[in-house]
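K.L.:
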Amino acid sequence: MLPTSKGHMHHEDFLGNKGELRPGDLQWMTPGKGILHAEMPVSEEKAHGLQLWINLPKAKKTMEPRYQEISRDSVPYVWDDTEKVKAIVFAGKVPDGHNAFVYTLTGTGKCAGDNIEAHQAIVLEHEGNGVHVTTDDQDGLEFIVISGQPLNEPVVQHGPFVMNSEAAIQQTIYDYQNGSNGFENAPKWTSEIGNRR
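Residues in the sequence shown are numbered consecutively from -3, following the numbering used here.
Spelled out as structure tokens, the structure:
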């Protein structure tokens, strides 16, 4: 997942998906049983975004890969009464039973009583029905709230691969190296955008 906050990026993958991400857009890629991809800035302007890796349940780790872009124009946002606070809502309320955290993109402030600054995360308690974030920063404060249902499954990670056991990781590495079980396009795929200068 890559919500872009600044700059302009191109995406492509070995399934034939091509995309263009502008500030405020969201990319959702589910690698499933395997995908190779590239993201490259379009111009000399620095591109800023946030990439999150979300662990899939064991039963979905080998699903068919997919790619989706969500345009900033299709995402609802709301202003507070003072028109100083803008909230962009990708998914809505945090469901009961989810773990959640706040990640600060820019600025400084307070979250749940703790001081926060850019590139810090605050894990939220399970109690309560909201999060209180404040700032005195003249440039404002940008942050996101992320939540997910705990899987209570083992996690084994090697490079870009995330599975539930060492044996599954070794099988995935073998499949990648040999172009099998979802990686059939890997040996012959070359990124068009990755080779631009």
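Just so you know, even glycine gets a beta-carbon here, dropped at the ideal spot from N, CA and C.
Here the structure is a predicted model, which is why all the values come from computation and not from measurement.
Classify V151 as buried or exposed, calling it buried when 16 or more other Cβ atoms lie within 10 Å of its own Cβ.
P.N.:
As a working note, residue 151 is residue 155 in the sequence shown. Result: exposed.
K.L.:
Could I get the ranges of all uninterrupted beta strand (DSSP E) runs contained in the stretch 16 to 75, with 3 residues as the minimum, in chain order?
P.N.:
Runs found: 22 to 26, 33 to 37, 62 to 66, 73 to 75.
K.L.:
Thinking C-beta only, is S161 closer than 8 Å to N95?
P.N.:
In the sequence shown, counting from the first residue as 1, residue 95 sits at position 99. In the sequence shown, counting from the first residue as 1, residue 161 sits at position 165. Result no, Cβ atoms of N95 and S161 do not sit closer than 8 Å.
K.L.:
Please name the residue, chosen from E40, Q64, E123, E113, that lies closest to P91 on a Cα-to-Cα basis.
P.N.:
Stepping through the sequence shown from its first residue, residue 91 is reached at position 95. Considering only alpha carbons, the answer is E123.
K.L.:
Name the one or two DSSP bridge partners that G144 has.
P.N.:
The residue labelled residue 144 in the question sits at position 148 within the sequence shown. Per DSSP, N95.
K.L.:
Going by beta carbon distance, what residues of the same chain come within less than 6 Å of G28, once the five residues before and after it are set aside?
P.N.:
If you number the sequence shown from 1, residue 28 lands on position 32. M59, E60, P61, listed in sequence order.
K.L.:
On a CA-only basis, which of L11, G155, M25 is nearest Q64? Give me that one, please.
P.N.:
The residue labelled residue 64 in the question sits at position 68 within the sequence shown. The option with the nearest alpha carbon to Q64 is M25.
K.L.:
By DSSP's criteria, N111 is part of a beta bridge. Which residues make up the other side?
P.N.:
In the sequence shown, counting from the first residue as 1, residue 111 sits at position 115. Bridge partners of N111: K106.
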